[in-house]
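Line order of the protein sequences matches chains E and W.
Read the first sequence against the numbering used here and you will find it ends at 81, with the numbers running on by one and no gaps.
Read the second sequence against the numbering used here and you will find it ends at 526, with the numbers running on by one and no gaps.
Quick notes on the structure that follows.
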Amino acid sequence: MRIVADSGRCIGAGQCVLTAPDLFDQDEDGLVVLLTGSVATEADAELARSAEHLCPAAALRVTSGTDDAEGQPGA
Amino acid sequence: MSRPSAVGLTTGNAPLPDFPQLRTCPYQPPPGYRDLRLTEGPVVRARLYDGRPTWVVLGHAVARELLIDPRLSSDWGRPDFPSPSPRRKAIQKSTMLIGMDPPEHSAYRRRVIPSFSVRRTRELGESIHRRAGELVDALLEQGPPAEILRGLALPLSSHTICAILGVPYEDHAYFEEQSAMLVSSQVSEEDATGALMNLRDYLTSLVDRKEKESEPGEGLLDTLVHKDLADGSLSRDEVIGLGIILLMAGHETTASMITLSTFTLLQNPSQLEAFRNDPDGAGPAVEELLRYLSIGDVAMRIAAEDMTIGDAHIKAGDSVMLSAAEINRDPEAFEDPDVLDLGRGARHHLAFGYGVHQCVGQNLARAQMQSALTLLFSRIPGLRLAVPAEEVEIKPAQSGVQGIYELPVAW
Ligand code: SF4
């Protein structure tokens, strides 16, 4: 499972960091930084999805690709 | 053709209900909204104080959808931008940051968010906690009766805003006094305007002083002065305007949440007991209080284009209002929404809004609430209301921030 963060959309509310501090951080400018691009465990996946849902700016996307796969498979 | 714009989801020619309506209980949404949501659905038609028809959003899912839809504008500068009350209309004239759309809004917001990041909030958390402790100690020292809004909530939020903006300690008292006056509903409109002018003068001289310092300090104003004002990307007026809007946005709301939360916990002894017994429970407890109380009740938007949401055909120029209080009691989003359940752990409430305007100071508000409530109830175990609950007076909806005027307590 992959996480994609669009710092161009991010409004720095920090919901992601509060939800999953192991997956997200904020940089000096207060914008989202991914600490990891992919999540291995189901618990982390759950947290990532929760952050995606809570992000007020729709800046996060959790996709079902595996480790190094580019985004979504197929099509 | 008599009233073409009044065609909506209401049947026939029945008069439209008013919006906003009054709370009858300080911690419950106006009861009329529930009836509307149940009979007419999550998006209803209503009428504003000036007779203008409006859409009112009462459902959680549709609110999330609408609040990130760029076709809904927040630009308070539009001449036909709707207002829920005459008082709000007056405030809407000073529009910095809140009443703007992207990309203008994004450019301003980017300049302030580093000061509100989770990390920065944690750094400030210690000083917030210390100040909350001092204030609770002062209440204890002074002895009962005491008053929570002026004795704890307002001074704590002033302290926090001072720290964020970089107001020097020696000016603390003056700044606190003026800002408390600005947002207190008990001073006259005239005194409030006077306080706003004093604060503007004060911030102007503070910006001047900071400009002369060779080393910038820690505050947001320091950064704005030494970076954005220095390189010409912000004008002096813009820097001062940002200071004023952050002060106004964060001050009354947080103070009101602390006061109303105290009241709500005192009215729910079993939840208060749970709160006292769970040292790690302050985070979720505050989240639930935010959802349950939803004090920033009304969000205003205007449709920039025609749009259809469910059964609602919203036309360009239509007013769209959202009631956070009712949205946060939507049973499709929260199980048993009318139950105050501090352990609920639901964070998808819209008490801070949603979309690009979601409250920039939300994490600071959380930190203040956690410190104030934890310290208040642990250090004063016998805390109780000093007046019958029915005598606690509710602020009218027009003020924009739900709350109570004062909370007298004893122990
Ligand atoms: S939750 Fe969204 S808006 Fe907030 S910091 Fe994370 S990515 Fe940015």
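The beta carbon of each residue, even a glycine, is placed where N, CA and C say it ideally should be.
For the region 341–366 of chain W, the set of positions with a beta-carbon nearer than 8 angstroms to some beta-carbon of chain E is empty. For H428(W), no alpha helix (DSSP H) run applies; the uninterrupted beta strand (DSSP E) run containing it begins and ends at 427–429, by DSSP. As the crow flies, the alpha-carbon of A253(W) is around 44 angstroms from that of E219(W). Taking a beta-carbon distance threshold of 9 angstroms, D12(E) does not count as an interface residue toward chain W.
Contact between L488(W) and P399(W) does not hold, since the beta-carbon distance rounds to 12 angstroms and is not under 8 angstroms. Nearest to G432(W) by alpha-carbon distance, out of F390(W), F134(W), V502(W), R186(W), is R186(W).
At a beta-carbon threshold of 9 angstroms, the residues of chain W lying near L60(E) are R462, H463, ordered along the chain. Minimum Cα-Cα distance from R494(W) among the listed residues G258(W), I424(W), F231(W) corresponds to G258(W). When DSSP states are grouped into helix, strand and coil, V302(W) belongs to the coil group.
Measuring C-alpha to C-alpha distances from A427(W) to each of G174(W), Y223(W), E367(W) identifies G174(W) as the nearest. When DSSP states are grouped into helix, strand and coil, D453(W) belongs to the coil group. Near chain E, meaning a CB-to-CB distance below 7 angstroms, no residue of the region 443–456 of chain W qualifies. Taken in chain order, the unbroken stretches of alpha helix (DSSP H) that lie wholly in the region 430–507 of chain W and span 4 residues or more are 439–442, 477–494. Contact between L29(E) and V233(W) fails: their C-beta atoms lie close to 13 angstroms from each other, not under 8 angstroms. Annotation: the continuous alpha helix (DSSP H) that includes Q257(W) extends over 233–257. With respect to R315(W), I355(W) sits close: the two C-beta atoms are nearer than 9 angstroms. For E34(E), the three-state secondary structure derived from DSSP is coil. In this structure, ligand 1 has no non-hydrogen atom nearer than 8 angstroms to the beta-carbon of L29(E). A direct Cα-to-Cα measurement between R15(E) and M215(W) gives close to 16 angstroms.
Placement of the Cβ of I17(E) at a distance of less than 8 angstroms from at least one heavy atom of ligand 1 is found.
Of all residues in the region 469–495 of chain W, only Y469, G470, V471, H472, Q473, C474, V475, Q477, N478, R481 come within less than 9 angstroms of chain E when Cβ atoms are compared, listed by chain position. Residue environment analysis places N478(W) among the buried positions, since at least 16 neighbouring C-beta atoms fall within 10 angstroms of its C-beta. Remark: C-beta atoms of V322(W) and G347(W) do not approach each other more closely than 9 angstroms.
D453(W) and L37(E) have their C-alpha atoms spaced approximately 35 angstroms apart. Residue environment analysis places R406(W) among the buried positions, since at least 16 neighbouring C-beta atoms fall within 10 angstroms of its C-beta. Judged by beta-carbon spacing, A448(W) lies beyond the 9 angstroms limit of S409(W), meaning their Cβ atoms are not closer than that value.
Going by DSSP, I279(W) is part of the alpha helix (DSSP H) stretching over 269–280.
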